[in-house]
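In order, the protein sequences belong to chains C and G. At position 250 of the first sequence (counting the first as 1) the number is 249 in numbering that gives the first Met the number 0, and the numbers step up by one without a gap. At position 1 of the second sequence (counting the first as 1) the number is 0 in numbering that gives the first Met the number 0, and the numbers step up by one without a gap.
2 protein chains.
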Amino acid sequence: MSQSLQTLAESLLTGKRRALAKAITLVESSRTEDTARAQELLNIILPQTGKARRIGITGVPGVGKSTFIEAFGLMLIEQGLKVAVLAIDPSSERTGGSILGDKTRMLELSRSEAAFIRPSPAGKTLGGVARRTRETMLLCEAAGFDVVLVETVGVGQSETAVAAMVDFFLVLALAGAGDELQGMKRGIMELADAIAINKAEEPYLQAAERAAQQIRNALHFSAPKYDDWQVPVLLCSALTQSGLAEIWTMIQQFASERPERIRGLRRSQSVRWMQETVSDGLRRLVEKNEELRALRKDLEQQVFAEELPPTLAAMRFLEAFERRT
Amino acid sequence: MSQSLQTLAESLLTGKRRALAKAITLVESSRTEDTARAQELLNIILPQTGKARRIGITGVPGVGKSTFIEAFGLMLIEQGLKVAVLAIDPSSERTGGSILGDKTRMLELSRSEAAFIRPSPAGKTLGGVARRTRETMLLCEAAGFDVVLVETVGVGQSETAVAAMVDFFLVLALAGAGDELQGMKRGIMELADAIAINKAEEPYLQAAERAAQQIRNALHFSAPKYDDWQVPVLLCSALTQSGLAEIWTMIQQFASERPERIRGLRRSQSVRWMQETVSDGLRRLVEKNEELRALRKDLEQQVFAEELPPTLAAMRFLEAFERRT
């Protein structure tokens, strides 16, 4: 068993696509026997991960994400880099297919030997989908990819999930007809490390510049992620490919100007990921106990109906929990 | 024991200040024997809570919070209402005294029979301080207060804690010399149900109006708390008392225009409070076990050092936990 995992790992590390696909299938599997094997594989290849630049990209449908990712990806490939494109789309379980990571929308990129495009994994919960994508990212790094783009479509909390696994979170937006900003979901500003106004080509250039200024003013009021990084607002056109090189240069600058920045970020992301997984697991363990689950529901109902003070309800639950453990 | 609690409750419900002070001391106590009695008391008076308007007020030092609260409080009292002023200042443990809830800064208000001012409770953690303030608020309601103002100074996460226990969260700010907004901590915008620019009296009136417009534009990009409430940006002057009546009218409108709004908010606040208290309690129970604590620290260290994949680390911890319970 472990022998075949070792073989798979070695094959993966030489960059073989077949091995990568096999490994991803293992990581995406929900079968209990595969879960342990997937973690064992990740443990084996862990020292060979972390070598790519991890970039999250979001924007509502219509902002031109696919066009942007294709143009951006091809530009990186032209520079000799290998690019993986992953996606988080929690709705894919429901719709039976994701609009993200759709190769037909990035045809030229999908045909390149140096590119690897994977649609969003399915999953019952966002947490499950995020775990699969995150671990697929590690596999891609071990397989030698230099840049991993993680795309999300902005449904629910998927942006937060992507921001928690990447080095840099890029938000795409559009200038609307009246200069107002379009395509940027409210509340996304706080996650952004940069905002790019797409389709900034004539005759929309002036509108794009005005929208950019508007956003720069608004950024003044949002909580900054870093004390030493001011979120740039750039213009670009995926169609004419202008502004893309500047975006890549900016991302590289972000990564290199403070050596500890990315390292510290990744450490805290990993630790937080572990803590969240433990919290989720504890919650599930507690829920497995029929009595405790019924008690919790009953207490919550009493709190909801304002028949029991919240702290007292919590205390009763914790006492019952302690008695059973 | 329960007899004296019943007596205390009855005295509290008639509005006796002595009883209120005694009850608050009980709720603020960290002694184990007092914890259970405090919860019992809250359980007794719970049906008599919920009758006040709960308003959170924040703003950095210098914005004029004390002057505002005094002027606002006196205005409410003039309308025949009883007003309680509480505070959350997590630094009070360290400094040995809070700058909030300081009666010397609200002298006239503190002298009114219809007012009750209480400094921030001490506490080792923000959670502990928040619990005490929240439960003191319930006691004030049972004692017949019509409005409870909960003040916070904007240190760490104290605004989030206050926003989670009030009906309405008011943020105070100032117009700076160059029209830029001052005194509004970045990231606070998302918590606000209204923003009031204080000291909007000549010769600062125009600057205040420009700052207000700036904030209205920025609000466009922040995630709204409600689909059906647009966050107003108002001007006021605690000194000349202008704009205060408008603020009170607005808060009453917020409460009355959708009957379910406050009720639904309070229910979800109570349930979330219970869930957080349970999560904190579970975490503490797990930490009490020496072996598990040591294991968790060790696993986290390995994840931090990038020697172990986060999911695998979490799985190992959960397996160990299950074995011990």
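We put the beta carbon where it would ideally sit given N, CA and C, even for glycine. Quantities reported herein were computed from a predicted structural model and do not represent experimental measurements.
Beyond the five residues adjoining it in sequence on each side, residue 74(G) comes within less than 8 Å, by CB distance, of 240, 243, 244, 247 in the same chain, given in chain order. It is roughly 27 Å from the alpha-carbon of residue 211(C) to the alpha-carbon of residue 87(C). For residue 171(C), the uninterrupted beta strand (DSSP E) run begins and ends at 167 to 174, by DSSP. If the five residues before and after residue 231(G) are omitted, its C-beta is found closer than 7 Å to the C-beta atoms of 193, 249, all from its own chain and listed in chain order. Boundaries for residue 68(G): no beta strand (DSSP E) harbours it, while the alpha helix (DSSP H) harbouring it runs 64 to 77, taken from the DSSP string. Per the coordinates, the alpha-carbon of residue 301(C) lies some 12 Å from the alpha-carbon of residue 42(G).
Using a Cβ-Cβ cut-off of 8 Å, residue 74(C) does not count as an interface residue toward chain G, since no Cβ of chain G sits closer than that to its own. Taking C-alpha positions only, residue 122(G) is separated from residue 23(G) by approximately 14 Å. For chain C, the residues of the region 296 to 310 of chain G that bring a beta carbon within less than 8 Å of one of its beta carbons are 298, 299, 302, 303, 305, 306, 307, 308, 309, 310, in chain order. Proximity of residue 276(G) to chain C, defined by a Cβ-Cβ separation below 8 Å, is satisfied.
8 Å or more divides the Cβ of residue 63(C) from the Cβ of residue 265(C). Looking at the backbone, the Cα of residue 128(C) and that of residue 167(G) are separated by about 36 Å. For the C-beta of residue 186(C), the chain G residues within less than 9 Å are, from N- to C-terminus, 189, 220, 221, 222, 223. If you compare the alpha carbons of 209(C), 148(C), 309(C), 299(C) with that of residue 174(C), the shortest gap goes to 209(C). Against residue 324(G), the close residues of chain C are 324, in the order they occur along the chain (beta-carbon pairs closer than 7 Å).
With contacts defined as CB atoms closer than 8 Å, residue 54(C) and residue 137(C) fail to qualify as a contacting pair.
The continuous alpha helix (DSSP H) containing residue 158(C) extends over residues 157 to 162.
Taking 4 residues as the minimum length, the alpha helix (DSSP H) runs contained wholly in the region 202 to 229 of chain C are 204 to 218, in order along the chain.
The Cβ atoms of residue 85(C) and residue 135(C) lie closer than 8 Å to each other. At least one CB of chain C lies nearer than 8 Å to the CB of residue 269(G). In the structure shown, the three-state DSSP call for residue 280(G) is helix. Neighbours of residue 321(C) in chain G, taken as residues at a C-beta separation under 8 Å, are given in chain order as 284. In terms of beta-carbon proximity, residue 127(C) stays away from the interface with chain G, with every pair separated by 8 Å or more. For the 8 Å CB-CB criterion, residue 145(C) and residue 262(C) do not form a contact. Chain-order list of chain G residues neighbouring residue 280(C): 313, 317, by C-beta distance under 7 Å. Scanning its chain for C-beta atoms nearer than 6 Å, with the 5 sequence neighbours on each side dropped, one finds around residue 139(C) the residues 83, 147, in chain order.
Around the beta carbon of residue 162(G), a 10 Å sphere encloses 16 or more other beta carbons of the protein chains shown; the residue is thus reported as buried. DSSP places residue 151(C) in no alpha helix (DSSP H) but in the uninterrupted beta strand (DSSP E) bounded by 146 to 151.
As the crow flies, the alpha-carbon of residue 130(C) is around 33 Å from that of residue 164(G).
In terms of Cβ geometry, residue 284(G) and residue 321(C) form a close pair [threshold 8 Å]. When DSSP states are grouped into helix, strand and coil, residue 312(C) belongs to the helix group.
Listed in chain order, the non-local C-beta contacts of residue 275(G) below 8 Å within the same chain comprise 126, local neighbours out to five positions each way being set aside. In the DSSP secondary-structure assignment, residue 115(G) is bridged to 83(G). Residue 11(C) sits in a helix when the DSSP states are folded into three classes. Close to residue 197(C), with beta-carbon spacing below 7 Å, lies no residue of chain G; the smallest spacing is near 17 Å. Assignment of residue 59(C) by DSSP, reduced to helix, strand and coil, places it in the coil class.
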